[in-house]
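2 protein chains.
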Amino acid sequence: MARKTGSHADTTRPRVRAAALQLIAQHGFAAVSMRQIAAKVGVQAGALYNYTPDKQTLLFDLLHSHMDELLTARAAAVRQGPACQQLEGFIRFHIRWHLPRGDQVFVSYMELRNLTPENFAQIEQLRRTYEDELEAILRLGVAEAVFVVVDTKITTLALIAMLTGMNNWYRESGRLPLALIEEIYVDLARRAVGVASD
Amino acid sequence: MARKTGSHADTTRPRVRAAALQLIAQHGFAAVSMRQIAAKVGVQAGALYNYTPDKQTLLFDLLHSHMDELLTARAAAVRQGPACQQLEGFIRFHIRWHLPRGDQVFVSYMELRNLTPENFAQIEQLRRTYEDELEAILRLGVAEAVFVVVDTKITTLALIAMLTGMNNWYRESGRLPLALIEEIYVDLARRAVGVASD
DNA sequence: CATTTAACTGAACAATTGTTCATTTGAAAA
DNA sequence: TTTTCAAATGAACAATTGTTCAGTTAAATG
Chain H
1 MARKTGSHAD
11 TTRPRVRAAA
21 LQLIAQHGFA
31 AVSMRQIAAK
41 VGVQAGALYN
51 YTPDKQTLLF
61 DLLHSHMDEL
71 LTARAAAVRQ
81 GPACQQLEGF
91 IRFHIRWHLP
101 RGDQVFVSYM
111 ELRNLTPENF
121 AQIEQLRRTY
131 EDELEAILRL
141 GVAEAVFVVV
151 DTKITTLALI
161 AMLTGMNNWY
171 RESGRLPLAL
181 IEEIYVDLAR
191 RAVGVASD
Chain V
1001 MARKTGSHAD
1011 TTRPRVRAAA
1021 LQLIAQHGFA
1031 AVSMRQIAAK
1041 VGVQAGALYN
1051 YTPDKQTLLF
1061 DLLHSHMDEL
1071 LTARAAAVRQ
1081 GPACQQLEGF
1091 IRFHIRWHLP
1101 RGDQVFVSYM
1111 ELRNLTPENF
1121 AQIEQLRRTY
1131 EDELEAILRL
1141 GVAEAVFVVV
1151 DTKITTLALI
1161 AMLTGMNNWY
1171 RESGRLPLAL
1181 IEEIYVDLAR
1191 RAVGVASD
């Protein structure tokens, strides 16, 4: 056997990425072998090298497109109005974008140390760009004198950690509906930056 | 050569644990070999098996004693007074205990998936015990009518995520002194649960 | 139809893995 | 000093690793 019936690069490439993502999320990058990924795709290990020069690049591509997609989605979102409204928008955007992408988010946070220094620097810069979105909102709120924030950078990191932590426990089948959880987090964030609740 | 000059189990055991912890924090459990750990200790790989039956148990022991030490330290802390004061105490305790233990905290969060199901369940239970400490405070605050919290469980997880996230960015050589950072987090937490700032 | 070529196989590679164990060593006990 | 034994060594093991590549197959092209 060689080329499979109906096989296509356009078909196989996303399947390789999906298989890699799922396995890495489950076992960790170092613990997953190219043969495991290949087996999940239904292909031999050698075939993977039609889609990535090596294992490291496969990981980097996953993290890089994750951040790219995040920033693209964020750029398309509404980002205007008073700070309080923008903060609410950011919280809702973050939750709605991240929660359905469990594996991607998990891998993006856990596998940073498995990137080469150059690759790490690239991802880190994209991450900072996203954080800056939130910090800009906090700065605006301070300028408008509606937020009480001692240090916008620290507060940004605290809020993002709070939001990203959701992925560690949220399950669709959980106790509370997502809409309510979203409201709770909007409330937490608003109050954390000193806005009186309504 | 065999037994090294001055070698002792009481000396070597903690060195094995320290080497394992540092290497696992840096590269991840699956990416670290027993030979690397042994080399860092200054010993051959076979000697490690005087201190652990296998690699998995070595990881479990690291996570288990981390949680044990945390719960022991927490149990020794002051846990009385009004909810607002207890909340502040918890925040300060968490920060002061976790921040100086970067590697331990990192490994304890990152390597959970590399535990066998039985080992995972044990660690998970200890973690929940710690979370319950904070949730009890939130419940007390609600009972005292000084906290405004829609759901104590969600709020607990949000606050702990916020706190634990500090380990990802805090550096002793950073921009702000720890004391100030601590104040900022106490403020954030207090306001998040609806206590007016002072 | 025949030809080309993208997509895949399957075997091979050197290196590394966790773990075992007979052997050797040096420190402590007698 | 001699004896004892805990604490190491170092070689060995089968299995697995990432990666390469000559060969094979089926889809696309003409």
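Protein sequence lines correspond, in order, to chains H and V. According to the working numbering, the residues represented by the first sequence are 1 to 198, in order. According to the working numbering, the residues represented by the second sequence are 1001 to 1198, in order. All residues carry an ideal CB built from backbone N, CA and C; glycine is no exception. Note that this is a predicted model, so its numbers are computed, not measured.
Residue i CB to nearest chain V CB: under 9 Å?
i	result
residue 185 of chain H	yes
residue 93 of chain H	no
residue 181 of chain H	yes
residue 171 of chain H	no
residue 77 of chain H	no
residue 55 of chain H	no
residue 67 of chain H	no
residue 150 of chain H	yes
residue 145 of chain H	no
residue 193 of chain H	yes
residue 19 of chain H	no
residue 72 of chain H	no
residue 114 of chain H	yes
Among the residues of its own chain, which have a CB less than 7 Å from the CB of residue i, if the five just before and after it don't count?
i	result
residue 30 of chain H	114
residue 1038 of chain V	1044, 1045, 1047, 1048
residue 78 of chain H	89
residue 56 of chain H	116
residue 103 of chain H	21, 22, 25
residue 34 of chain H	45, 48, 55
When burial is assigned at 16 or more other CB atoms within 10 Å of the CB, is residue i buried or exposed?
i	result
residue 1001 of chain V	In this prediction, residue 1001 of chain V scores a pLDDT of 48, lower than 50, which makes its location untrustworthy; the coordinate-derived value is nonetheless stated afterwards. It counts as exposed.
residue 1180 of chain V	exposed
residue 1214 of chain V	With chain V covering 1001 to 1198 only, the question about residue 1214 of chain V has no answer from this structure.
residue 1026 of chain V	exposed
residue 1190 of chain V	buried
residue 1125 of chain V	exposed
residue 1219 of chain V	In the structure displayed, chain V extends from 1001 to 1198; residue 1219 of chain V sits before or after that span and is not available.
residue 129 of chain H	exposed
residue 116 of chain H	exposed
residue 172 of chain H	exposed
residue 1080 of chain V	exposed
residue 1192 of chain V	buried
residue 82 of chain H	exposed
residue 1165 of chain V	buried
residue 1141 of chain V	buried
residue 9 of chain H	exposed
Using a Cβ-Cβ cut-off of 8 Å (strictly less than) and excluding sequence neighbours within five positions of residue i, which residues of its own chain qualify?
i	result
residue 168 of chain H	none
residue 1111 of chain V	1024, 1028, 1029, 1059, 1063
residue 93 of chain H	73, 74, 77
residue 1133 of chain V	1074, 1079, 1090
Leaving aside the five residues before and after residue i along the sequence, list all residues of the same chain whose C-beta is less than 6 Å from its C-beta, in chain order.
i	result
residue 1127 of chain V	none
residue 1108 of chain V	1063, 1066
residue 24 of chain H	32, 107
residue 95 of chain H	182
residue 1159 of chain V	1189
residue 194 of chain H	147, 148
residue 1161 of chain V	none
residue 1185 of chain V	1091
residue 202 of chain H	Any answer about residue 202 of chain H is impossible in this case: the structure gives chain H only from 1 up to 198.
residue 40 of chain H	19
Say whether chain H places a C-beta atom closer than 9 Å to the C-beta of residue i.
i	result
residue 1090 of chain V	no
residue 1034 of chain V	no
residue 1013 of chain V	no
residue 1096 of chain V	no
residue 1158 of chain V	yes
residue 1104 of chain V	no
residue 1029 of chain V	yes
residue 1153 of chain V	yes
residue 1009 of chain V	no
residue 1164 of chain V	yes
residue 1022 of chain V	no
residue 957 of chain V	Not covered by the structure: residue 957 of chain V. The range shown for chain V is 1001 to 1198.
Query raised in the report: Is it true that the region 46 to 54 of chain H meets the region 7 to 14 of chain H, where meeting means three or more beta-carbon pairs spaced less than 8 Å apart?
Result: A contact is defined here as three or more CB-CB pairs under 8 Å, and the region 46 to 54 of chain H meets this definition with respect to the region 7 to 14 of chain H.
**Report entry** Three CB pairs or more closer than 8 Å across the region 1053 to 1071 of chain V and the region 60 to 72 of chain H
**Finding:** At 8 Å Cβ cutoff, the stretches do not touch.
Requested in this report: May I have a chain-ordered list of the alpha helix (DSSP H) segments no shorter than 4 residues that lie completely inside the region 1074 to 1132 of chain V?
Outcome: Qualifying alpha helix (DSSP H) stretches, in chain order: 1083 to 1098, 1102 to 1110.
**Report entry** Secondary structure, alpha helix (DSSP H): runs of 4+ residues fully inside the region 1014 to 1063 of chain V
**Finding:** Qualifying alpha helix (DSSP H) stretches, in chain order: 1034 to 1041.
Query raised in the report: Are the region 1138 to 1147 of chain V and the region 1091 to 1101 of chain V in contact at 8 Å, needing three or more beta carbon pairs?
Result: Flag = no, the region 1138 to 1147 of chain V and the region 1091 to 1101 of chain V do not touch.
Query - 4-residue-minimum alpha helix (DSSP H) runs that sit fully inside the region 142 to 177 of chain H, ordered along the chain - result: Counting only runs of 4 or more, we get 152 to 164.
Query raised in the report: Do the region 1071 to 1086 of chain V and the region 1130 to 1144 of chain V make contact, defined as three or more Cβ pairs closer than 8 Å?
Result: Yes, the region 1071 to 1086 of chain V is in contact with the region 1130 to 1144 of chain V.
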